[in-house]
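**Student:** This is the structure I have questions about; it appears just below.
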Amino acid sequence: MSAGTYTPRPGAAPLSRMIAAQAALETRMLLRNGEQLLLTVVIPTLLLVLFSAVDIVGTGSGEPVDFLTPGILALAVMSTAFTGQAIATGFERRYGVLKRLGASPLPRWALMAAKTLAVLVTEVLQVVLLTVIAFALGWSPEGGPLAVLLLLVLGTVAFSGLGLLMAGTLKAEATLAAANLVFLLLLVGGGVVVPLDRFPDAAQSVLGLLPISALSEGLRDVLQHGATMPWGSLGILTVWAVLGLGAAARFFRWE
Amino acid sequence: MSSEPVVQARGLVKRYGTRTAVDGLDLEVAAGAVTAVLGPNGAGKTTTIETFEGYRRPDDGRVRVLGLDPVRDAAALRPRIGVMLQSGGVYSGARADEMLRHMAKLHAHPLDVDALIERLGLGSCGRTAYRRLSGGQQQRLALAMAVVGRPELVFLDEPTAGLDPQARRSTWDLLRELRTDGVSVVLTTHFMDEAEQLADDVAVIDAGRVIAQGSPEQLCRGGAENTLRFTGRPGLEIASLLKALPGGSEAAELATGTYRITGRIDPELLATVTSWCAQHGVMPEGIAVERHTLEDVFLELTGKELRA
Chain A
1 MSAGTYTPRP GAAPLSRMIA AQAALETRML LRNGEQLLLT VVIPTLLLVL FSAVDIVGTG
61 SGEPVDFLTP GILALAVMST AFTGQAIATG FERRYGVLKR LGASPLPRWA LMAAKTLAVL
121 VTEVLQVVLL TVIAFALGWS PEGGPLAVLL LLVLGTVAFS GLGLLMAGTL KAEATLAAAN
181 LVFLLLLVGG GVVVPLDRFP DAAQSVLGLL PISALSEGLR DVLQHGATMP WGSLGILTVW
241 AVLGLGAAAR FFRWE
Chain B
1 MSSEPVVQAR GLVKRYGTRT AVDGLDLEVA AGAVTAVLGP NGAGKTTTIE TFEGYRRPDD
61 GRVRVLGLDP VRDAAALRPR IGVMLQSGGV YSGARADEML RHMAKLHAHP LDVDALIERL
121 GLGSCGRTAY RRLSGGQQQR LALAMAVVGR PELVFLDEPT AGLDPQARRS TWDLLRELRT
181 DGVSVVLTTH FMDEAEQLAD DVAVIDAGRV IAQGSPEQLC RGGAENTLRF TGRPGLEIAS
241 LLKALPGGSE AAELATGTYR ITGRIDPELL ATVTSWCAQH GVMPEGIAVE RHTLEDVFLE
301 LTGKELRA
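Keeping their order, the protein sequence lines are chains A and B. Just so we're aligned, residue 1 is where the first sequence starts under the UniProt record's numbering, counting upward by one. Just so we're aligned, residue 1 is where the second sequence starts under the UniProt record's numbering, counting upward by one.
Structure representation (structure tokens):
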């Protein structure tokens, strides 16, 4: 490199370009990670195919796929916005990625916006894949797309807040363990593949307040039963979103 | 280049709980120079540089970097500085060129990424993920990330730690090129030779304070005295030799026939010693002048070895 190569010429790139570049990088990191793909693609797909073919869990009257698909879509949102994002962000914090980006021209809010975009892009890919598989399995959805979209977005915000809260406060290894454990527990107890009415009454009323139950039951209300707007589920998700994001904003540590 | 200092710290204090990491530090860093912050592990080097970078909020004192407050004016400052952390800072699954291209995209007028990859020998990283790169490759990538945005000022926290000698010299060459092109460089190091070879200005830090600052030559001259050694016939008359030497010099026979003179060793003194030897029929062999190094200066200033 010749003389004058390094002559200072500082300056931040336009904000939109920075966010787009950051979102593209975050998405690539997500899709390249094998464990993440297991969580976000392989497990939801397997559960959908397996339990549609063999009705082990007793999904009630009607086609199993009509019961399962809304739950699996909720699981997909949780796997990306909560589990995947918590683990990835926890290790980025541990390895100084967040710290280093903090000294770059990219503002912190823009980094968070880019992370959200990466989560949304991944979710779009998941939803496309899972609905194609569901249709192939004979899925016949009811309801309108607006309520579904609203549920998915609110669910994403709620799970992102909780995931970032975990990633920004616990050690990376603890986040890894806890995020996977929560994923497993909510998969079983959150109305994803096992109907909530299989649990005792007392347990049902508590489980029904979980964000995963609100999302899976809300999606089921619309897609299986044709509800126009599942206000109860939307309300529960809104409370989780406010609590999760508020706590994350308050307690998140960048290093 | 402006002649304003690029970094000004006055009475900087930073505490972690009850531990005081930086304890009233004063430092000015000249524009367009390579400045080394030198000190043993735990002296407060990293805390100091991270305060300049805007990561730490000072508990007391005043810090200005390029005339800005690193915490309050962070948004204006960040595009103008380049930062190399002591370790990490890269997605474990990212490739070297991918991360560097990404950092370039965050800046308005970045360097040519391919040329920078070649310059720092990062081409050999290929498609390997960051977590599987060697320590040296990770260090060079972090350095590339610090300079790719064409900053006015770069902060490098131990830029050559863990590098082999060849990679170290290559890094030094790059830092000299940065200086030639008008970039101000602040680096921390606990390598004396790095400070001696590279720095225009050295700030010696111990226990969170700057205890000496100046060019390597100034520091060495101001510090310990130099030494002249030679061997000759055993039992030379030291008193007679001392009489010939300028005041303030000392002479001693260390082992049988091995002599040491300490003081201001200059060409006249050397001539005096050899002519005294000639008068006394002594053939001085193995004459060696030992210049004192920053290492000796450091030991004298702090009473500590640098590399603990």
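Think of the CB as a built atom: it goes at the ideal place given N, C-alpha and C, for glycine as much as any other residue.
Our contact map puts A:P211 next to A:A158 with C-beta atoms below 8 Å; I'd like the distance itself, whole angstroms only.
**Tutor:** Taking the first sequence and counting its residues from 1, the one referred to as residue 211 of chain A is at position 211. Taking the first sequence and counting its residues from 1, the one referred to as residue 158 of chain A is at position 158. Contact flag correct, Cβ pair sits at about 5 Å.
**Student:** List, in order along the chain, the chain B residues whose C-beta lies closer than 8 Å to that of A:E92?
**Tutor:** On the first sequence, position 92 is the one that residue 92 of chain A refers to. In chain order: Y91.
**Student:** DSSP on A:E217, reduced to helix/strand/coil?
**Tutor:** Residue mapping note: residue 217 of chain A aligns to position 217 of the first sequence, counting from 1. Reduced to three states, the DSSP call for A:E217 is helix.
**Student:** Taking the DSSP output, what are the residues bridged to B:A212?
**Tutor:** For the purposes of this step, residue 212 of chain B is taken as residue 212 along the second sequence, with counting starting at 1. Answer is B:V204, bridged to B:A212.
**Student:** Could you work out which residues of chain A lie near B:E53, taking near to mean beta carbons separated by less than 7 Å?
**Tutor:** In the second sequence, the residue the question calls residue 53 of chain B occupies position 53. Within 7 Å Cβ-Cβ: A103.
**Student:** Starting from B:E194, follow the alpha helix (DSSP H) in both directions and report where the run begins and ends.
**Tutor:** To locate residue 194 of chain B, count along the second sequence from 1; it is residue 194. 192 to 198 is the extent of the alpha helix (DSSP H) around B:E194.
**Student:** Between B:R19, B:D26, B:L38, B:A30, which lies nearest to B:L301 when the distance is taken from Cα to Cα?
**Tutor:** Against the second sequence, residue 301 of chain B aligns to sequence position 301. For B:L301, the nearest C-alpha among the options comes from B:L38.
**Student:** Taking the straight line between their C-alpha atoms, what separation do you get for B:R169 and B:P159?
**Tutor:** By 1-based counting over the second sequence, the position of residue 169 of chain B is 169. By 1-based counting over the second sequence, the position of residue 159 of chain B is 159. Roughly 11 Å separates the two Cα atoms.
**Student:** Using a C-beta cutoff of 9 Å, does A:T5 count as contacting chain B?
**Tutor:** Within the first sequence, numbered from 1, the residue matching residue 5 of chain A stands at position 5. Cβ-Cβ to chain B under 9 Å: yes for A:T5.
**Student:** Measuring alpha carbon to alpha carbon, tell me which of B:T188, B:T272, B:S184, B:A278 ends up nearest B:V65.
**Tutor:** On the second sequence, residue 65 of chain B is found 65 positions in, with the first residue counted as 1. Of B:T188, B:T272, B:S184, B:A278, the residue nearest in Cα terms is B:S184.
**Student:** Cα separation between B:V273 and B:A199?
**Tutor:** Counting from 1 along the second sequence, the entry for residue 273 of chain B is found at position 273. Counting from 1 along the second sequence, the entry for residue 199 of chain B is found at position 199. Between B:V273 and B:A199, the C-alpha separation is close to 34 Å.
**Student:** Mind listing, in chain order, the continuous beta strand (DSSP E) runs of no fewer than 3 residues lying wholly within the stretch 21 to 94 of chain B?
**Tutor:** Those beta strand (DSSP E) runs which fall completely within the stretch 21 to 94 of chain B and span 3+ residues are 34 to 38, 60 to 65, 81 to 84.
**Student:** My output table needs one value for A:K171: the three-state DSSP class, helix, strand or coil.
**Tutor:** Position 171 of the first sequence, counting from 1, holds the residue named residue 171 of chain A. Coil, per DSSP.
**Student:** Would A:Q22 pass as an interface residue toward chain B - the criterion being a Cβ-Cβ separation below 9 Å?
**Tutor:** Taking the first residue of the first sequence as 1, we reach residue 22 of chain A at position 22. Taking Cβ atoms only, chain B reaches closer than 9 Å to A:Q22, which makes this a yes.
**Student:** Among A:A118, A:R100, A:F252, A:A53, which one has its Cα closest to the Cα of A:T156?
**Tutor:** Here residue 156 of chain A refers to the residue found at position 156 of the first sequence. The residue with the shortest Cα to Cα distance from A:T156 is A:A118.
**Student:** Checking contacts by CB at 9 Å: is B:A94 closer than that to chain A?
**Tutor:** In the second sequence, residue 94 of chain B corresponds to position 94, counting from 1. Yes, B:A94 lies at the interface with chain A (some Cβ there is under 9 Å from its Cβ).
**Student:** How is the beta strand (DSSP E) around B:S184 delimited, first residue to last?
**Tutor:** For the purposes of this step, residue 184 of chain B is taken as residue 184 along the second sequence, with counting starting at 1. B:S184 -> beta strand (DSSP E) spans 184 to 189.
**Student:** Going along chain B in order, which residues have a C-beta closer than 7 Å to the C-beta of A:L106?
**Tutor:** Indexing the first sequence from 1 puts residue 106 of chain A at position 106. Result: L106.
**Student:** Counting beta carbon pairs with one atom in the stretch 158 to 173 of chain A and one in the stretch 79 to 96 of chain A, are three or more of them shorter than 8 Å?
**Tutor:** Contact holds: three or more Cβ-Cβ distances are below 8 Å.
**Student:** Contact criterion: CB-CB distance below 9 Å. Does B:H292 meet it with respect to chain A?
**Tutor:** In the second sequence, residue 292 of chain B corresponds to position 292, counting from 1. With 9 Å as the cut-off, B:H292 does not count as an interface residue toward chain A.
**Student:** Pick from A:T5, A:D197, A:G244, A:A249: whose alpha carbon is nearest that of A:G60?
**Tutor:** The sequence position of residue 60 of chain A within the first sequence is 60, counting from 1. Of A:T5, A:D197, A:G244, A:A249, the residue nearest in Cα terms is A:D197.
**Student:** Enumerate in chain order the residues of its own chain whose CB-to-CB distance from B:T180 is below 6 Å, with the five nearest sequence positions on each side excluded.
**Tutor:** Locating residue 180 of chain B in the second sequence gives position 180, counting from the first residue. The answer is none, since no qualifying residue turns up.
**Student:** Do you know whose CA, among A:L111, A:D221, A:L184, lies nearest A:P44's CA?
**Tutor:** Locating residue 44 of chain A in the first sequence gives position 44, where the first residue counts as 1. Here the closest residue by C-alpha is A:L184.
**Student:** A:K115 touches chain B at which residues, Cβ-Cβ below 8 Å?
**Tutor:** By one-based count along the first sequence, residue 115 of chain A stands at place 115. Going along chain B, no residue has its Cβ under 8 Å from A:K115, so there is no contact; the nearest lies around 12 Å.
**Student:** Count the CB pairs spanning the stretch 18 to 27 of chain B and the stretch 203 to 212 of chain B that are closer than 8 Å, and state whether there are at least three.
**Tutor:** Judged by Cβ distances under 8 Å, the stretch 18 to 27 of chain B makes contact with the stretch 203 to 212 of chain B, as three or more pairs qualify.
**Student:** By DSSP, does B:F230 sit in helix, in strand, or in coil?
**Tutor:** Locating residue 230 of chain B in the second sequence gives position 230, counting from the first residue. Three-state result, B:F230: strand.
**Student:** Give me the Cα-Cα distance between B:G223 and B:D201, rounded to the nearest whole angstrom.
**Tutor:** Translated into positions along the second sequence, residue 223 of chain B becomes position 223. Translated into positions along the second sequence, residue 201 of chain B becomes position 201. Any reading at B:G223 must be qualified, since the residue scores a pLDDT of 48, below 50, and its modelled position is unreliable; the value itself is stated next. Approximately 15 Å, taken between the alpha carbons.
**Student:** Can you tell me whether B:H280 is buried or exposed, with buried defined as 16 or more other CB within 10 angstroms of its CB?
**Tutor:** Residue 280 of chain B sits at position 280 when you count from the first residue of the second sequence. By the neighbour-count rule (16 or more Cβ atoms within 10 Å), B:H280 is not buried but exposed.
**Student:** Give, in chain order, every unbroken run of the alpha helix (DSSP H) that is at least 4 residues long and sits entirely within the stretch 48 to 121 of chain A.
**Tutor:** Segments of the alpha helix (DSSP H) lying fully in the stretch 48 to 121 of chain A: 64 to 77, 85 to 94, 97 to 102.
**Student:** So, for A:P141: in the same chain, excluding its five sequence neighbours on each side, which residues have a beta-carbon less than 6 Å away from its beta-carbon?
**Tutor:** Your numbering for residue 141 of chain A matches position 141 in the first sequence. Hits under 6 Å: L223.
**Student:** Determine the contact status of B:V83 and A:A103, defining contact as a CB-CB distance below 9 Å.
**Tutor:** Within the second sequence, numbered from 1, the residue matching residue 83 of chain B stands at position 83. Within the first sequence, numbered from 1, the residue matching residue 103 of chain A stands at position 103. Yes, these two residues count as a Cβ contact at 9 Å.
**Student:** Please report the distance separating the alpha-carbon of A:V124 from that of B:A74.
**Tutor:** The residue given as residue 124 of chain A occupies position 124 in the first sequence. The residue given as residue 74 of chain B occupies position 74 in the second sequence. If you take the alpha carbons of A:V124 and B:A74, they lie about 35 Å apart.
**Student:** Can you tell me which of the three DSSP states B:D112 falls into?
**Tutor:** On the second sequence, position 112 is the one that residue 112 of chain B refers to. Three-state DSSP puts B:D112 in coil, outside helix and strand.
**Student:** Starting from the C-beta of A:F251, find all residues in its chain whose C-beta is less than 7 Å away, skip the five residues before and the five after it, and write them out in chain order.
**Tutor:** Along the first sequence, read from residue 1 onward, the residue named residue 251 of chain A stands at position 251. Closer than 7 Å at the Cβ level, and outside the excluded window around A:F251, lie L165, G168, T169.
**Student:** I think B:R95 touches B:A129, with their Cβ atoms under 8 Å apart; what is that distance to the nearest whole Å?
**Tutor:** Taking the second sequence and counting its residues from 1, the one referred to as residue 95 of chain B is at position 95. Taking the second sequence and counting its residues from 1, the one referred to as residue 129 of chain B is at position 129. About 6 Å separates the two Cβ atoms, so the contact holds.
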